[in-house]
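Enquirer: Below is the structure I would like to discuss, written out as structure tokens.
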Amino acid sequence: MSSALTSTSPLPEPRDPLLEAILKRDRSVTLAGLIVISALSWGYMFYDARQMNTSASCCLALANPQMNPWPIADLVMMFVMWTVMMVAMMVPSVGPMVLVFAALNRKRRAEDRPYVPTGLFLLGYLAVWTGFSAIITLAQWGLHRAALLSPQMVSTSPIFGGGLLIFAGIFQFTSFKCACLKHCRTPLQFLMTSWRDGWGGAWKMGLEHGLQCTGCCWMLMLLLFVAGVMNLLWVATITLFVLVEKVVPRSRWFTRAGGVASIAWGVGLIIRR
């Protein structure tokens, strides 16, 4: 970072012990909130997966391709499942951005400058993933209509599953993926260049970051159809992959290695069909 940017950095400087204590407390509260949101979301997923294994979950009923069309209430429940899953998977990786936003916000408040609740930024971010959940719910409905998913919400076609893996692997090497991932890896740069005052500004920043994040990860989310939407080990694996991609410095090799592995897996599925 240039000296000019360093000199105008919006992050608090270690000069006021009281301000430092406030910032530390605020960071702890924000981090605790993120952990609680993530834990509750994962808890719901474990509960639903357990219910599915006992044939009592709405998700198992919805997975039956003979149900044509899905009842509206059940379609809503599937949308809720996807929304909670996206929250569980994406809140850990958005943590660094939210913590930087909270620190900047607290400093602005200490200087009697306009500030907004950090939660509003997070809500804007999650609103984008909620929209994505609506789209993927409809996509799942279409895949069941085409008999491409089993009752356990796993791909029934090696061609379909292998194609998803190959496409996802190729996507890891695209310039679009790199641009979105660069945005996600540089939270301070985003906030320095795109800061907007007011509640509406925080909401719009959350939406913008959510769109960039969705552009980076949407293809990875489609891979849930390969090993099972309710396969929590697979869900956790993708979550960890997304987290490493975003927060580990100089992890471009990791992104590309994931792409190579995905392509190889997809080719293997198709060859062995």
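Going by numbering that gives the first Met the number 0, the residue at position 210 of the sequence shown is 209; the numbering climbs one at a time, nothing skipped.
All C-beta atoms in this analysis are idealised placements derived from N, C-alpha and C, irrespective of residue type, glycine included.
#1: Nearest CA to the CA of residue 77: which residue from 228, 255, 265?
#2: Could you give the first and the last residue of the continuous alpha helix (DSSP H) run that contains residue 132?
#3: Hey, how far is the Cα of residue 244 from the Cα of residue 202?
#4: Helix, strand or coil: how does DSSP classify residue 147 here?
#5: Can you list, in chain order, the stretches of the alpha helix (DSSP H) that have 4 or more residues and sit fully within the region 187-228?
#6: Using a Cβ-Cβ cut-off of 7 Å (strictly less than) and excluding sequence neighbours within five positions of residue 87, which residues of its own chain qualify?
#7: At the level of alpha carbons, what is the spacing between residue 250 and residue 107?
#8: Flag this pair as yes or no: are the beta carbons of residue 167 and residue 219 separated by less than 9 Å?
#9: Going by C-alpha distance, which of 209, 263, 139, 153 is nearest residue 124?
#10: Can you tell me the Cα-Cα spacing of residue 177 and residue 246, whole angstroms?
#11: Between the C-alpha atoms of residue 205 and residue 48, what's the straight-line distance to the nearest angstrom?
#12: Is residue 250 helix, strand or coil when you go by DSSP?
#13: Once you ignore the five residues that flank residue 256 on each side, which residues in its own chain have a CB closer than 8 Å to its CB?
#14: Residues in the same chain with beta-carbon distance under 6 Å from residue 186, minus the five sequence neighbours each way, listed in chain order, please.
Expert: The structure says:
#1: 228
#2: 117-144
#3: 25 Å
#4: coil
#5: 197-221, 223-226
#6: 37, 40, 41, 44
#7: 32 Å
#8: yes
#9: 209
#10: 14 Å
#11: 30 Å
#12: coil
#13: none
#14: 95, 96, 99
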